[in-house]
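Take the position in the sequence shown, starting the count at 1, then add 123; the result is the number in the working numbering. Here a beta-carbon is modelled for each residue, glycine too, at the ideal position from N, C-alpha and C. None of these values were measured; they are calculated from a predicted model. Working notes for the structure below.
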Amino acid sequence: AAAAAVLLLAPTPQLVHKNQLRSKDKEEEWLIHMNKKLHGTTLGELHTTIHPSLVFQVMKAWAKINSAEGANMVQMWLYRIEKEVEMGNNFKSLSKEMYILAIDSWIHSGDIRAPSQAETI
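If you want it as C-alpha cells, here you go:
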C-alpha cells in the first residue's frame, strides 16, 4: 500500500516532460533577453546593464545547446567582453575559462566549421 501511494505521488512522465520544456523555454527566453541587453548597450557601457558575474553564466548556457548557433553566441559574448576591456571597461570576468568555453562550444557543436572556428579563438 505504501508503494502504491508513492507511485501515485510520483510525477507522471508527461508532467516531468512538460516541466522540462517549461524550464528550457524559460532559459531560452532568458538567453534572448540577455542578448537583447547586449545588443542594446553601447560599447563600453555593458557593465551598466549586465552584471559582470552574469556574463560567464550566459556563455555557459549558450554552450550547453551544443550547436553552431550556441557556439556563435558564446563567441559573440567573448568578443564583446574583449572589446569592453579594450575600451577600458574593467570586466574582471574575462578569463581563460571563457576562451576554453568558446573553443569547447565549437568542438561540441558538430558543425563542419568547428575546427576553423575554434582555431580563430
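Notebook entry, point to check: Could you give the distance in angstroms between the alpha-carbon of residue 148 and the alpha-carbon of residue 186?
Noted result: Taking the first residue of the sequence shown as 1, we reach residue 148 at position 25. Taking the first residue of the sequence shown as 1, we reach residue 186 at position 63. C-alpha separation (whole angstroms): 16 Å.
Check: Grouping DSSP H, G and I as helix and E and B as strand, with all else coil, what is residue 160?
Finding: As a position in the sequence shown, residue 160 is number 37, starting the count at 1. Helix at residue 160.
Next item on the list: Give the straight-line distance between the Cα atoms of residue 224 and residue 156, rounded to the nearest whole angstrom.
Entry: The count along the sequence shown starts at 1 and reaches residue 224 at position 101. The count along the sequence shown starts at 1 and reaches residue 156 at position 33. In a straight line, the C-alpha of residue 224 is about 21 Å away from that of residue 156.
Check: Which first and last residues belong to the alpha helix (DSSP H) in which residue 183 is found?
Finding: For the purposes of this step, residue 183 is taken as residue 60 along the sequence shown, with counting starting at 1. First-last of the alpha helix (DSSP H) with residue 183: 175 to 186.
Note to self: Rounded to whole angstroms, what is the Cα-Cα separation between residue 153 and residue 180?
What the structure shows: Here residue 153 refers to the residue found at position 30 of the sequence shown. Here residue 180 refers to the residue found at position 57 of the sequence shown. Rounded to whole angstroms, residue 153 and residue 180 show a C-alpha spacing of 11 Å.
Notebook entry, point to check: Three-state secondary structure (DSSP) at residue 193?
Noted result: Taking the sequence shown and counting its residues from 1, one reaches residue 193 at position 70. Of the three classes helix, strand and coil, the one that applies to residue 193 here is helix, per DSSP.
Next item on the list: For residue 192, I'd like the list of residues in its chain whose CB is within less than 7 Å of its CB, leaving aside the five on either flank, ordered along the chain.
Entry: What you label residue 192 is simply residue 69 of the sequence shown in a count that begins at 1. Contacts found: none.
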